[in-house]
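Read through the structure below, which is laid out as structure tokens, and then see the notes.
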Amino acid sequence: MAQGPHLLAPTASDLDCNGRLGAGLAGYHYDLNLITVHGRSRFPGLYVWLRDGRRVAVRIPPGCLLMQAGKQLEWLTGGYIMAGMHEVVVTETTLAAVEAARAAGRSTWRISSTVFTHCASDAVLRPLGRFTEQPGSAEAYPAIKAGDQVQRELEAICLRKMAVASSAAAGAGPGACPSPVANKTELGSASTAALGGSVNNPPVGGVNGGPNNGSSCATGVAISLVP
């Protein structure tokens, strides 16, 4: 992790705009990095999937952090530890918390403070130690530099092309600063047609917000693609 391109990426969702039951604030995805550290959000709505396929609501006690495996950790363990699938949706519990916040005069913005830790870009990812003995691990997780693994993930969801295009349009050259969304790989189709996003393609610098995706109500705090 030394010299890794770690990213602190707080995101925010305005529940006055997106407070519809079932609204998606972050689509079903895994994170491409090593370990993701979630702080306790102001409002509930985070769900994770267990290895047996069960979907479980996450409750982080006060003063605690949630540690979640990313794709790089899956690589180093040859799939023994899988990248955690997760999503954020508006539930009845979320709406109850929103009403309580309104009654108390508190903000109804859902803030999520997340740190994405990474292996150094020139470090080689491959199954380590006893994880090399797992059948098929070498084929499923061949040696690759962490930086190349990140680029492949971004290309798979078209974010790398979008980042380069945005920087070039602004005269910033190819060196773009990553968006928090660039640490997430969502399942489903992706398109480079628009930066606004779609149900399967989150807007750059924002979150997957269902029908309002790409609108001012669906976006959050992000690090810009353009320096």
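The sequence shown begins at 0 in numbering that gives the first Met the number 0 and counts up one residue at a time.
Virtual Cβ for every residue (Gly too), placed ideally from N, Cα, C.
Among H85, V149 and P141, whose alpha-carbon lies nearest the alpha-carbon of L65?
Looking up residue 65 in the sequence shown gives position 66. Selection H85, V149 and P141 evaluated against L65 yields H85 as nearest (Cα-Cα).
Between which two residues does the alpha helix (DSSP H) holding V149 run?
By 1-based counting over the sequence shown, the position of residue 149 is 150. In the DSSP assignment, V149 falls within the alpha helix (DSSP H) that extends over A145 to A155.
Which one or two residues does DSSP pair with H37 in a beta bridge?
By one-based count along the sequence shown, residue 37 stands at place 38. Answer is L65 and T113, bridged to H37.
Hey, would you say A68 sits closer than 7 Å to G83, going by beta carbons?
As a first step, residue 68 is located in the sequence shown; it is residue number 69 there, counting from the start. As a first step, residue 83 is located in the sequence shown; it is residue number 84 there, counting from the start. Against a cut-off of 7 Å, the Cβ pair of G83 and A68 comes out as a contact.
On the DSSP bridge assignment, give the partners of R54 in chain order.
One-based indexing of the sequence shown puts residue 54 at position 55. W48, per the DSSP bridge assignment.
Who does G10 pair with in a DSSP beta bridge?
Counting from one through the sequence shown, the residue named residue 10 turns up at place 11. Looking at the sequence provided, one finds Thr at residue 10 rather than Gly. Under DSSP, T10 shares a beta bridge with S111.
Considering only residues of the same chain and omitting the five flanking positions on each side of Y29, which have a CB-CB separation below 8 Å?
Here residue 29 refers to the residue found at position 30 of the sequence shown. Cβ neighbours of Y29 beyond the five flanking positions: G69, K70, A82, G83, M84, H85, K183 and T184.
What residue does the beta strand (DSSP E) around V88 start on, and which one ends it?
Looking up residue 88 in the sequence shown gives position 89. For V88, the enclosing beta strand (DSSP E) starts and ends at H85 to V88.
Would you give the residue range spanned by the alpha helix (DSSP H) that S136 belongs to?
Taking the sequence shown and counting its residues from 1, the one referred to as residue 136 is at position 137. Segment S136 to A139, the alpha helix (DSSP H) holding S136.
Tell whether a beta-carbon distance below 7 Å holds between H5 and T113.
In the sequence shown, residue 5 corresponds to position 6, counting from 1. In the sequence shown, residue 113 corresponds to position 114, counting from 1. It is not a contact, given that the beta carbons lie outside the stated cut-off.
V123 bridges to which residues according to DSSP?
For the purposes of this step, residue 123 is taken as residue 124 along the sequence shown, with counting starting at 1. Beta-bridge partners of V123 (DSSP): K144.
Three or more C-beta pairs below 8 Å linking the segment 44–60 and the segment 117–135
Proximity of the segment 44–60 to the segment 117–135 falls short of the contact definition, fewer than three beta-carbon pairs being nearer than 8 Å.
Collapsed DSSP secondary structure at G128 in the structure displayed:
Translated into the one-based positions of the sequence shown, residue 128 becomes position 129. If DSSP states are grouped into helix, strand and coil, G128 belongs with the helices.
Could you give the DSSP three-state label for A25: helix, strand or coil?
If you number the sequence shown from 1, residue 25 lands on position 26. Three-state result, A25: strand.
Could you give the distance in angstroms between the alpha-carbon of W74 and the alpha-carbon of I80?
As a working note, residue 74 is residue 75 in the sequence shown. As a working note, residue 80 is residue 81 in the sequence shown. If you take the alpha carbons of W74 and I80, they lie about 8 Å apart.
Would G205 be called buried (16 or more neighbouring beta carbons within 10 Å of its own) or exposed?
Within the sequence shown, the letter at position 206 stands for residue 205. For G205, the predicted model reports a pLDDT of 30, less than 50, meaning its position is unreliable and no value from the coordinates is stated.
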